[in-house]
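Visitor:
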Amino acid sequence: MTDLQSIVEEIARELEPRFGEGRVADYIPQLARVNPRQFGIAVTTVDGDMFLGGDAEVPFSIQSISKVFTLTIALGKHGESIWSRVGREPSGSAFNSIVQLERENGIPRNPFINAGAIAITDLVLAGHTPKEAIGEIVRFVRYLADEDGIVVDHEVAKSEAATGFRNHALANFMRSFGKLDHPVDHVLGVYFHQCALSMSCRQLAKAGLYLAGGGRNPTTGHRVVSHLRARRINALMLTCGHYDGSGEFAYRVGLPGKSGVGGGILAIAPGKASIAVWSPGLNDNGNSLLGSTALEMLAERTGWSIFGY
Ligand code: DON
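In this note's numbering, the protein residues as written are 1 to 309.
1) On the three-state DSSP scale, how would you describe GLY189?
2) Less than 9 Å separating the beta-carbons of SER66 and ASP244?
3) For LEU282, list the residues DSSP reports as bridge partners.
4) Is the closest heavy atom of the ligand DON to the C-beta of ILE120 under 8 Å?
5) What is the rounded straight-line gap between the Cα of ASN167 and the Cα of THR121?
6) Does the segment 11-26 come close enough to the segment 284-298 to have 3 or more Cβ pairs within less than 8 Å?
7) If you draw a straight line from the alpha carbon of GLY135 to that of GLY271, how long is it in whole angstroms?
8) Would you mind sorting VAL99 into buried or exposed? The rule is 16 or more other CB atoms within 10 Å of its CB.
9) Which residues does DSSP list as the beta-bridge partners of PHE51?
10) Assign ARG139 to buried or exposed, taking buried as 16 or more other Cβ atoms, counted over all protein chains shown, within 10 Å of its Cβ.
11) Cβ of GLU160 within 8 Å of any heavy atom in the ligand DON?
12) On the three-pair Cβ rule with 8 Å, is the segment 105-123 touching the segment 164-182?
13) With hydrogens ignored, establish whether the beta-carbon of CYS195 is closer than 8 Å to any heavy atom of the ligand DON.
14) Would you kindly work out how many angstroms separate the C-alpha atoms of CYS201 and SER274, rounded to a whole number?
15) Along the chain, where does the alpha helix (DSSP H) containing ILE233 start, and where does it finish?
16) Indicate whether ILE268 and VAL156 have their beta-carbon atoms separated by less than 9 Å.
17) Tell me the DSSP bridge mates of GLY264?
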């Protein structure tokens with residue numbers, strides 16, 4: 001296990017000359033202000049060990065990684081009926097694409113593209129005010145990570161609310177098809193806040209541990225979801241978690257993963273570990289450039305790819 005500590009440190013050291021590569025997301029003004037020369041990695045195993053490298057304790061905006069947690073909440077609340085609102089197929093399109101929505105009658109391809117995540121947030125809102133729904137999401141993530149200090153960065157949420165023209169278009173489009181139950185402003189208000197959750201790699205790796213542990217967080221002993229549900233969420237992360245870069249990520253890394261435009265990626269080695277990496281510079285698909293490279297190095301050095309070593 002000390003071996004893992006050296007692997008994590010080596011990865012951070014070897015990538016250092018490349019810190020700052022990629023393009024920081026600038027369509028959310030508050031994210032454009034982040035120092036691009038940062039890199040963090042955290043690996044937490046199902047045995048409860050934690051290995052940290054680089055800026056693993058620096059909080060960042062988890063953005064689309066939150067979609068894993070809201071999907072888990074929506075499944076808990078509504079069960080398999082959510083699949084009448086959103087599909088389970090890779091989109092092969094950008095995370096904020098609108099083209100498929102019209103052809104497919106307002107049913108987004110999967111819960112991780114923006115349209116699908118907005119539909120899931122609509123389901124999380126059921127029976128709640130927007131403020132209560134945000135509270136439920138924050139409490140759930142704190143429970144998963146077993147940390148009370150996790151908060152929403154309200155400046156990021158405000159910044160996205162002021163500039164989220166695409167997401168407004170997607171949500172209005174779905175509403176026009178009768179596929180959203182709540183007012184667009186309510187749904188997007190919750191969505192922007194979930195995306196603005198601020199977490200460090202260490203906290204994020206802990207929050208994802210239930211997906212590595214067959215639905216149960218082995219360090220807290222909490223069963224979050226059933227084995228079957230954990231397996232299925234992992235399957236969706238593998239096939240859809242990196243949008244039109246999902247095939248490439250599976251090819252290079254071979255682990256279920258979910259990226260965010262803040263530069264974070266949560267990856268799961270089922271039965272072994274939960275891994276969070278962060279580096280703000282993105283590749284052309286909007287996924288962390290050095291984060292993906294770090295995961296490729298980690299998968300190679302640990303033999304953790306689900307496709308064999
Ligand atoms: O809705 C958006 O555009 C952002 N709040 C989240 C997008 C995102 O993280 C895509 N991931 N790579």
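All C-beta atoms, glycine included, are put in the ideal place defined by N, C-alpha and C.
Guide: This is what the structure gives:
1) Three-state DSSP puts GLY189 in a helix.
2) Not a contact, by the Cβ cut-off of 9 Å.
3) In the DSSP output, where bridge partners are listed per residue, LEU282 has ARG23, SER288.
4) With a threshold of 8 Å, the Cβ atom of ILE120 does not count as near the ligand DON, since no heavy atom of the ligand is closer than that.
5) If you draw a straight line from the Cα of ASN167 to the Cα of THR121, it comes to about 13 Å.
6) Using a Cβ-Cβ distance cut-off of 8 Å, the segment 11-26 and the segment 284-298 are in contact, since at least three pairs of beta carbons, one from each stretch, lie closer than that value.
7) Computed Cα separation, rounded: 30 Å.
8) Counting every other CB atom within 10 Å of its CB across the protein chains shown gives VAL99 a total below 16, marking it as exposed.
9) Within the DSSP secondary-structure output, PHE51 pairs in a beta bridge with VAL43.
10) Burial call: exposed.
11) True, at least one ligand heavy atom lies under 8 Å from that Cβ.
12) Between the segment 105-123 and the segment 164-182, the count of C-beta pairs closer than 8 Å reaches three or more; the two stretches touch.
13) For CYS195, the distance from the CB to the nearest heavy atom of the ligand DON is below 8 Å.
14) If I take the Cα positions, the gap works out to 10 Å.
15) Bounds of the alpha helix (DSSP H) holding ILE233 are 227-240.
16) Cβ distance not < 9 Å, so ILE268 and VAL156 don't count as in contact.
17) Per DSSP, the beta-bridge partners of GLY264 are TRP278.
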